[in-house]
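Counted from 1, the sequence shown has number 74 at position 74 by full-length UniProt numbering; the numbering is strictly sequential.
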Amino acid sequence: MTAAGTVAPAAGEPVGTDADERGRTEIAPSVLRKIVEYAADQVPGTLRTERRVAGFDVGDAGATAKVSVGGPAAEVDVRLELALRYPGSVRGVVDAVRSTVAEELGRLAGYRLRTMAVTVTGLRGLPPPPRLR
């Protein structure tokens, strides 16, 4: 039976082809955070830094982000911390990070970057070449 005024789909027709009928997709903030961090790490001029505990190398770390989702239009607020290569244009790299993150959030998740606060945690030069003995 169908409700008054509705038509049952014919056999073989897909049910619920409109977006409202199919449901909705929610993307967890942790996924958005990973998109932001990965996008920031791909920008030339950003650096991954060594992580050390008690003098032992325990891997490396790139950009770290905190993401807040809000608003009816799938908007995201981001706080991002990253290290940059020295010498280089801090403002230029940060502008490139902002545009790359905004583009990737829109392309991969359909979210819009509302605000982004960037903290540069360090400027690091390239490591010195190895010494010959």
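We put the CB at the ideal spot given by N, CA and C, even for glycine.
In this structure, residue 114 sits away from residue 81, with a CB-CB distance that is not shorter than 8 Å. The beta carbons of residue 67 and residue 36 sit closer together than 8 Å. Classified as buried, residue 111 has 16 or more neighbouring CB atoms from the shown chains inside 10 Å of its CB. Beta-bridge pairing by DSSP links residue 81 to 64 and 119.
The beta carbons of residue 45 and residue 85 sit about 5 Å from each other, so the pair counts as a contact at 8 Å.
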